[in-house]
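Colleague: Submitted below is the structure of interest, expressed as structure tokens.
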Amino acid sequence: MRAGGVSKIRLTSSLEGGRIQVQMPERRFLREVEASALELGEASALSDADKELLALALQLKPLGQVELVSDDYSVQNMAEALGIGYRGLTTRGIRRRFRWLLYCPGCRRVFETPPPDGLCPYCGSEVRRKPVEAHPLRGRKTP
Ligand SMILES: [Zn+2]
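The numbers in the working numbering rise by one with no breaks, and the one at position 102 of the sequence shown is 102.
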């Protein structure tokens, strides 16, 4: 994760004909974002700035068309879950939900679900993750 996530994320809105002033979201929207982040396993992947922006988008959504512009997969995943419009800056954005591949950099084990505390139960390393596109499997028969 790079610091300074604000610069790579933009929130566009028809409210003010494009860019909106950065403002602090109301707490309840921030809480909603945080709850959703926990649910999706995105909590550790999002910076405070990311969460604030998502909360702001959520807050502004009823007032007009709001679109998040971000290449951050976690932000896009959150936007998708929260029903916020989004697109990528350089990529076309995720077209469908993806899932995370959770893996241990220490012993190379792969996990289906995040282990408690995010630590590998076998070697204690911090479990990392990378996005895996949730393509429907082609040409393979499900057993
Ligand atoms: Zn391990």
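Glycine residues also receive a C-beta, built at the ideal position from the N, C-alpha and C atoms.
Touch check for the region 79 to 86 and the region 107 to 122: three-plus C-beta pairs under 8 Å?
Modeller: Touching, no, given that fewer than three Cβ pairs across the two stretches are closer than 8 Å.
Colleague: Could you work out which residue in Gln59, Pro62, Leu54, Glu34 is closest to Leu68 when comparing CA atoms only?
Modeller: It is Leu54.
Colleague: Quick one: what's got a C-beta closer than 6 Å to Ala79's C-beta in the same chain, skipping five residues either side?
Modeller: Closer than 6 Å at the Cβ level, and outside the excluded window around Ala79, lie Leu68, Tyr86.
Colleague: Are there any heavy atoms of ligand 1 lying less than 7 Å away from the beta-carbon of Arg129, as far as the coordinates show?
Modeller: Result no, Cβ not under 7 Å from ligand 1.
Colleague: Have a look at Arg28 and Leu63 and give me their C-alpha separation to the nearest angstrom.
Modeller: Distance between the alpha carbons of Arg28 and Leu63 is about 17 Å.
Colleague: Taking 8 Å as the limit between beta carbons, can you name the residues of its chain near Leu119, skipping five residues before and five after?
Modeller: So the list reads Ser125, Glu126, Val127, once near-sequence residues are dropped.
Colleague: In its own chain, which residues sit with a C-beta less than 6 Å from the C-beta of Gly146, not counting the 5 before and 5 after it?
Modeller: Because the chain in this structure spans residues 1 to 143, residue 146 falls outside the shown range and cannot be described.
Colleague: Would you check whether ligand 1 has a heavy atom nearer than 7 Å to the C-beta of Gly106?
Modeller: Result yes, Cβ under 7 Å from ligand 1.
Colleague: Kindly identify the DSSP beta-bridge partner or partners of Arg87.
Modeller: BP columns for Arg87 point to Val69.
Colleague: Can the beta-carbon of Val75 be found less than 8 Å from the beta-carbon of Asp48?
Modeller: The answer is no: Cβ separation not under 8 Å.
Colleague: Using the Cα positions of Arg129 and Glu26, report the straight-line distance between them to the nearest angstrom.
Modeller: Distance between the alpha carbons of Arg129 and Glu26: 30 Å.
Colleague: Under the criterion of a Cβ to heavy atom distance below 7 Å, does Arg87 qualify as lining ligand 1?
Modeller: No.
Colleague: Enumerated in chain order, which unbroken segments of the beta strand (DSSP E) with a length of 3 residues or greater are wholly contained in the region 22 to 81?
Modeller: 66 to 69, all fully within the region 22 to 81.
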